[in-house]
Amino acid sequence: MQFRKWRVLAVLVPGILLLLSSGRPAGAAEVRIRATGPAVIDADPQSLVTAAFEVANLSDESLECIPTLDLPPGWRQVSSAPSFRLVAGGRDIRILSIYVPETAGAGGYELTYSVHARKYPAVRDTRRLRVVVRTVKRLTATLLNAAEPVFAGDNYQVVFSVTNKSNAGQTINLVAESSLQLNTVISPDTLVLAPGETARVTASVSTEEDLIRTVRHHLVLKGKYAREDAYRGLSGSFTEIIPRSGGQADGYHRFPAVLSLGVAGQFPGEQKEMAARVEFAGDGTLDESGAHRLAFLARGPDTSYVRDGFGEYDWYFIDYRNPGGTFILGDHFFSLSRLIEPQVYARGGKAEFTTGDTRISL
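Numbering (this note's numbering), first residue to last: 1 to 362.
Below you can see the structure in the form of structure tokens.
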């Protein structure tokens, strides 16, 4: 029995000492938090959410209050004060600015805001705020490989990469539009992509053999989400088709290039947001033999911040290739290691030279 008494005392005494050291009864509700705004806030990815809470000191002494905000992974508080002081019976409105990342998936998220007294850690209160991230649809495509000039009657392929930049998984339907009404097959013509996922798409074009003059074929890749009605242009390419005989002679070597102007914008209410971009791109050979090939792209400025789904990042690169080597400078996919990091998108440079059986890469 004596042993059991000592065990009970060993358990009770530390708890009693802790209560005495706090100077307040445990669980006293001396700090109260009240949300002054809506309990549910709608937001878009890559945006700021503002929330307001009223914090009241219901005790009879001044308290230094320590705020804590629990956020989902990748979210962050833009600005915050480590602590603030409330006089006895005082109240204060705390404004919180929270950044919703671009990678935030569509759905509901719970944010927890709590405040406790530095002097009395047990004196605290907590409120929860729900943020619903809306579904944002954004689809982009990039030309990866444009065909060189082909002879009439030959088939050729154009390769694109299609990226779902929405914050939700999407089913995407693709079609091709031919300026010469040529038979074109897209493979695959339906994609199911997770947020941020990219897929490779090939357009196979069949040309007509009875062509009598050199023409330029403009191929446009168009896409739409499964539940949408209208297709919109995503990317395109130009290919020169040369007649096999009887065509008009051309004394010049032509290099295909396209200069385009794009405008993105939205008009929500009285707020207007517009941005314009210029794109100059080319891909072709520099000589009749096709040994020297040049591709370049200059797109700017950055319009990705426009939230209408049609803004694009700026992109600049030049790619020169010949039988002796390759030179790439600008924004491109680089390989640091085939095993560890086979493909990294970055801004930089790459050079490869081939001499006999020797290959040098920089």
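We treat Cβ as the ideally placed atom computed from N, Cα and C, and that holds for glycine.
Please read all numbers here as calculations on a predicted model, not as lab measurements.
Item to check | Pairwise C-alpha distance: Asp44 and Thr126 | outcome: Position 126 of the sequence shown, counting from 1, holds the residue named residue 126. Position 44 of the sequence shown, counting from 1, holds the residue named residue 44. So the alpha carbons of these two residues sit roughly 26 Å apart.
Checklist entry - Where does Ser235 land, buried or exposed, given buried means 16+ other C-beta within 10 angstroms? => result Taking the first residue of the sequence shown as position 1, residue 235 is located at position 235. It is buried - the Cβ of Ser235 has at least 16 other Cβ atoms within 10 Å.
Item to check | One or two residues paired with Asn173 in a DSSP bridge | outcome: Residue 173 sits at position 173 when you count from the first residue of the sequence shown. Paired residue(s): Thr190, Lys224.
Checklist entry - Under a Cβ-count criterion, where at least 16 other Cβ atoms within 10 Å of its own Cβ denotes burial, should Phe353 be classed as buried or exposed? => result Taking the sequence shown and counting its residues from 1, one reaches residue 353 at position 353. It counts as exposed.
Item to check | Cα-Cα separation, Ala257 to Phe280 | outcome: Looking up residue 257 in the sequence shown gives position 257. Looking up residue 280 in the sequence shown gives position 280. Whole-angstrom Cα-Cα distance: 7 Å.
Next on the checklist: So if DSSP puts Ala199 in a beta bridge, which residue, or which two residues, is it bridged to?
Outcome noted: Sequence index remark: in the sequence shown, residue 199 carries index 199 (1-based). According to DSSP, Ala199 bridges with Val162.
Item to check | Beta-carbon separation (whole angstroms), Tyr231 vs Val185, contact threshold 8 Å | outcome: Here residue 231 corresponds to residue number 231 of the sequence shown, with the count starting at 1. Here residue 185 corresponds to residue number 185 of the sequence shown, with the count starting at 1. That belief does not hold up - the Cβ atoms of Tyr231 and Val185 are roughly 16 Å apart, past 8 Å.
Next on the checklist: Which same chain residues end up closer than 8 Å to Glu209 when comparing Cβ atoms and leaving out the 5 residues on each side of it in sequence?
Outcome noted: The residue given as residue 209 occupies position 209 in the sequence shown. Counting only Cβ-Cβ distances below 8 Å, and skipping sequence neighbours, we find Ala152, Gly153, Arg244.
Item to check | Which of helix, strand or coil DSSP assigns to Ala29 | outcome: Looking up residue 29 in the sequence shown gives position 29. Because the pLDDT at Ala29 is just 49, under 50, the model does not fix this residue reliably, and the point stays unresolved.
Item to check | Residues bridged to Glu209 [DSSP beta-bridge criterion] | outcome: If you number the sequence shown from 1, residue 209 lands on position 209. Paired residue(s): none; Glu209 is not in a bridge.
Next on the checklist: Do Glu54 and Ile98 have their beta-carbon atoms positioned less than 7 Å apart in this structure?
Outcome noted: What you label residue 98 is simply residue 98 of the sequence shown in a count that begins at 1. What you label residue 54 is simply residue 54 of the sequence shown in a count that begins at 1. No, they are not a contact pair.
Checklist entry - With 7 Å set as the bound, which would you pick, yes or no: does the beta-carbon of Val192 sit closer than that to a beta-carbon of chain C? => result Protein chain content of the structure displayed is limited to a single chain, and chain C is not contained in it.
Checklist entry - For Leu73, which of Gly105, Gly89, Val220, Arg85 has the nearest alpha-carbon? => result Looking up residue 73 in the sequence shown gives position 73. Before going further, note that residue 73 is Pro rather than Leu in the sequence given. Nearest option by C-alpha distance: Gly105.
Checklist entry - Whole beta strand (DSSP E) runs in the segment 70 to 131 with 3 or more residues, listed along the chain? => result 76 to 79, 84 to 86, 91 to 100, 107 to 117
Checklist entry - Excluding the five sequence neighbours on either side, which residues of its own chain have a C-beta within less than 7 Å of the C-beta of Glu377, listed in chain order? => result As shown, the chain starts at 1 and ends at 362. That puts residue 377 outside it, with no answer to give.
Next on the checklist: Can you tell me whether Ala346 is helix, strand or coil according to DSSP?
Outcome noted: Counting from one through the sequence shown, the residue named residue 346 turns up at place 346. Strand.
Next on the checklist: Taking 8 Å as the limit between beta carbons, can you name the residues of its chain near Thr36, skipping five residues before and five after?
Outcome noted: Against the sequence shown, residue 36 aligns to sequence position 36. Residues of the same chain with a CB within less than 8 Å of the CB of Thr36, apart from the 5 flanking positions on each side, are Ala52, Phe53, Glu54, Ile93 in chain order.
Checklist entry - With respect to the beta strand (DSSP E) encompassing Asp42, which residues constitute its N-terminal and C-terminal limits? => result Start at 1 with the first residue of the sequence shown, and residue 42 comes out as number 42. Asp42 -> beta strand (DSSP E) spans 40 to 43.
Item to check | Buried or exposed by the 16-neighbour rule on C-beta atoms within 10 Å, applied to Ser364 | outcome: Residue 364 is absent from the structure shown; the chain starts at 1 and stops at 362.
Next on the checklist: Quick check on Leu286: does DSSP put it in helix, strand or coil?
Outcome noted: On the sequence shown, position 286 is the one that residue 286 refers to. Correct three-state label for Leu286: coil.
Next on the checklist: Within a Cβ cutoff of 7 Å, which residues of the same chain sit near Pro323, ignoring the five residues on either side of it in sequence?
Outcome noted: Sequence index remark: in the sequence shown, residue 323 carries index 323 (1-based). Within the same chain, Pro323 has close Cβ partners Ala291.
Checklist entry - Anyone know if the C-beta pair for Tyr320 and Phe327 falls short of 7 Å? => result For this step, residue 320 is matched to residue 320 along the sequence shown. For this step, residue 327 is matched to residue 327 along the sequence shown. Contact flag set, yes.
Next on the checklist: Just to check my reading of the structure: Ala39 and Arg91 have Cβ atoms closer than 8 Å, yes? What is that Cβ distance to the nearest angstrom?
Outcome noted: Taking the first residue of the sequence shown as 1, we reach residue 39 at position 39. Taking the first residue of the sequence shown as 1, we reach residue 91 at position 91. Contact doesn't hold; Cβ gap of about 20 Å is too wide.
Checklist entry - Would Val263 be called buried (16 or more neighbouring beta carbons within 10 Å of its own) or exposed? => result On the sequence shown, residue 263 is found 263 positions in, with the first residue counted as 1. So Val263 ends up on the exposed side.
Checklist entry - If Leu144 and Val131 are in contact, beta carbons under 8 Å, what's the gap, nearest whole angstrom? => result For the purposes of this step, residue 144 is identified with residue 144 of the sequence shown, where counting begins at 1. For the purposes of this step, residue 131 is identified with residue 131 of the sequence shown, where counting begins at 1. 37 Å between Cβ atoms; not a contact.
Checklist entry - What residue range is occupied by the uninterrupted beta strand (DSSP E) comprising Val49? => result The residue given as residue 49 occupies position 49 in the sequence shown. Looking at the DSSP string, the run of the beta strand (DSSP E) that includes Val49 is 47 to 57.
Checklist entry - Helix, strand or coil: how does DSSP classify Tyr305 here? => result As a first step, residue 305 must be located in the sequence shown, where it is residue number 305. Three-state result, Tyr305: coil.
Checklist entry - Do you know offhand how far Thr202's Cα is from Tyr156's? => result Position 202 of the sequence shown, counted from the first residue, corresponds to residue 202. Position 156 of the sequence shown, counted from the first residue, corresponds to residue 156. Approximately 10 Å, taken between the alpha carbons.
Item to check | Gln77 burial status per 10 Å Cβ neighbour count (16 or more: buried) | outcome: Stepping through the sequence shown from its first residue, residue 77 is reached at position 77. Classification for Gln77: exposed.
Checklist entry - Under a three-way DSSP split, which group does Pro149 fall into? => result Within the sequence shown, numbered from 1, the residue matching residue 149 stands at position 149. Three-state result, Pro149: coil.
Next on the checklist: Just verifying my parser: in three-state terms, what is the DSSP assignment at Ala257?
Outcome noted: Mapped onto the sequence shown, residue 257 falls at position 257. In the structure shown, Ala257 sits in a strand (DSSP, three-state: E or B).
Next on the checklist: Within 10 Å of its beta-carbon, does Ala147 have 16 or more other beta-carbons around it, so buried, or fewer, so exposed?
Outcome noted: Against the sequence shown, residue 147 aligns to sequence position 147. Buried: at least 16 other Cβ atoms inside 10 Å.
Checklist entry - Would you call the CB atoms of Val136 and Val31 closer than 7 Å? => result As a working note, residue 136 is residue 136 in the sequence shown. As a working note, residue 31 is residue 31 in the sequence shown. No. Outside cutoff.
Checklist entry - By Cβ distance below 6 Å, which residues in the same chain neighbour Tyr109 in space, the five residues on each side in sequence not counted? => result Position 109 of the sequence shown holds residue 109. Excluding residues within five positions, the ones whose Cβ falls inside 6 Å are Pro72, Val131.
Checklist entry - Residues in its own chain within less than 8 Å of Val100 by CB, not counting five upstream and five downstream? => result As a position in the sequence shown, residue 100 is number 100, starting the count at 1. Closer than 8 Å at Cβ, skipping near neighbours: Ala43, Asp44, Pro45, Gln46, Ser47, Leu48, Val49, Trp75, Val131, Val133.
Checklist entry - Residues bridged to Glu64 by DSSP? => result For the purposes of this step, residue 64 is taken as residue 64 along the sequence shown, with counting starting at 1. Answer is Arg85, bridged to Glu64.
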